[in-house]
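Have a look at the structure below, then the notes.
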Amino acid sequence: MRRLLSLAIALVVLACLLPEPGLASAVDDPAASSADFPQSLDQYGDAALDVLPRLQSRIAANPFNLVASVIFLLAIAHTFAASRFTRAAHEIERTHETRIADGTAPLISVSHHARLLHFLGEVEVVFGLWAVVLMLAIFGFYGPATAVDYVSHKVNYSEAVFVVVIMTLAATRPVLKFAESLMARVAGRLGGSLTAWWLAIMTLGPLLGSLITEPAAITLSALLLSQKFYALEP
Numbered sequence: 001m002r003r004l005l006s007l008a009i010a011l012v013v014l015a016c017l018l019p020e021p022g023l024a025s026a027v028d029d030p031a032a033s034s035a036d037f038p039q040s041l042d043q044y045g046d047a048a049l050d051v052l053p054r055l056q057s058r059i060a061a062n063p064f065n066l067v068a069s070v071i072f073l074l075a076i077a078h079t080f081a082a083s084r085f086t087r088a089a090h091e092i093e094r095t096h097e098t099r100i101a102d103g104t105a106p107l108i109s110v111s112h113h114a115r116l117l118h119f120l121g122e123v124e125v126v127f128g129l130w131a132v133v134l135m136l137a138i139f140g141f142y143g144p145a146t147a148v149d150y151v152s153h154k155v156n157y158s159e160a161v162f163v164v165v166i167m168t169l170a171a172t173r174p175v176l177k178f179a180e181s182l183m184a185r186v187a188g189r190l191g192g193s194l195t196a197w198w199l200a201i202m203t204l205g206p207l208l209g210s211l212i213t214e215p216a217a218i219t220l221s222a223l224l225l226s227q228k229f230y231a232l233e234p
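In the numbering used here, the protein residues as written are 1 to 234.
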């Protein structure tokens with residue numbers, strides 16, 4: 001289910017990136033765009049206002065500011081609710097496994113509701129998912145020409161693409177196994193005891209962030225602590 005949803009999101013983004021026939025000239029010519037989007041902050045002339053009056057002024061000047069703000073707040077709320085989606089997915093999976101054991105569900109089956117909640121519980125998915133919603137909102141408010149122009153020419157993807165590529169490479173099995181074997185060698189040189197593993201993981205693990213990125217290094221260190229240290233209930 002998660003792969004299907006990821007593919008669906010990718011197709012939506014790709015469809016937004018590809019201009020429709022007859023729209024190419026409008027996208028290539030900024031003057032032909034249906035709207036000046038996003039509007040320059042200097043055009044509002046509200047620098048002297050406080051936060052709340054400034055928000056009200058910008059919403060009155062352009063109602064889409066309210067739509068974009070609501071989408072952003074929903075994305076933040078989704079971020080904090082991600083763990084609840086994951087817990088609900090685990091509960092549904094346990095219920096489904098119980099039904100399989102009782103014979104009330106097919107032996108080879110999965111809970112699609114649990115898969116969907118697992119997908120929604122992935123923090124990495126949150127802003128990508130709501131970015132698609134924002135894209136559809138731009139499409140609805142301003143039309144396809146403005147949406148395509150905004151995505152194709154006004155958004156800088158360099159940092160985002162770099163992070164995705166680095167994280168993908170860092171999550172590959174050879175890189176993770178290399179990092180694990182490196183810490184295993186250090187722990188072995190220190191005697192291979194619980195103390196040696198704990199010291200190697202807590203010192204060398206975070207330092208590997210320079211090689212395999214900080215999230216991957218911390219995740220790997222946490223997994224090794226669970227397997228080599230806490231599983232033994234020291």
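Backbone N, C-alpha and C define an ideal beta-carbon position, used for all residues, glycine too.
Nearest candidate by alpha-carbon position, reference residue i, set the options
i: residue 68; options: 214, 139, 185, 213; result: 139
i: residue 61; options: 73, 75, 71, 38; result: 38
i: residue 219; options: 232, 230, 205, 231; result: 205
i: residue 201; options: 217, 158, 212; result: 217
i: residue 127; options: 192, 92, 81, 169; result: 81
i: residue 85; options: 118, 70, 113; result: 118
i: residue 176; options: 193, 198, 212, 156; result: 212
i: residue 183; options: 161, 199, 41, 214; result: 199
i: residue 135; options: 154, 96, 185; result: 154
i: residue 64; options: 137, 221, 114; result: 137
i: residue 164; options: 105, 124, 178, 97; result: 124
i: residue 231; options: 40, 59, 197; result: 197
i: residue 79; options: 174, 103, 122; result: 122
Residue span of the alpha helix (DSSP H) that contains residue i, given as start and end
i: residue 44; result: It is not in any alpha helix (DSSP H) - residue 44 carries neither H nor E in the DSSP assignment.
i: residue 70; result: 64-102
i: residue 208; result: Here residue 208 belongs to no alpha helix (DSSP H), and DSSP marks it neither H nor E.
i: residue 57; result: 51-61
i: residue 149; result: 144-149
i: residue 116; result: 112-120
i: residue 191; result: Segment: none, residue 191 is in no alpha helix (DSSP H) and carries neither H nor E.
i: residue 158; result: 158-170
Outcome for residue i when other beta-carbon atoms lying within 10 angstroms are tallied against a minimum of 16
i: residue 228; result: buried
i: residue 27; result: Note that residue 27 scores a pLDDT of 40, beneath 50, so its modelled location is shaky; the value from the coordinates is reported in the next line. Per the 10 Å Cβ criterion, buried.
i: residue 53; result: exposed
i: residue 210; result: exposed
i: residue 224; result: buried
i: residue 120; result: buried
i: residue 149; result: buried
i: residue 221; result: buried
i: residue 91; result: exposed
i: residue 180; result: buried
i: residue 146; result: buried
i: residue 73; result: exposed
i: residue 41; result: exposed
i: residue 106; result: exposed
i: residue 48; result: exposed
i: residue 169; result: exposed
Proximity test, Cβ basis, 7 Å: residue i and chain D
i: residue 62; result: Given the protein chain composition of this structure (a single chain), no chain D is represented.
Whole-angstrom C-beta distance between residue j and residue i, which should lie under 8 Å
i: residue 46; j: residue 57; result: 5 Å
i: residue 130; j: residue 89; result: So it is not a contact: roughly 19 Å between Cβ atoms.
i: residue 133; j: residue 71; result: 6 Å
i: residue 93; j: residue 109; result: Going by Cβ atoms, the distance from residue 93 to residue 109 rounds to 11 Å, so no, they are not a contact pair.
i: residue 234; j: residue 194; result: 6 Å
i: residue 114; j: residue 96; result: 7 Å
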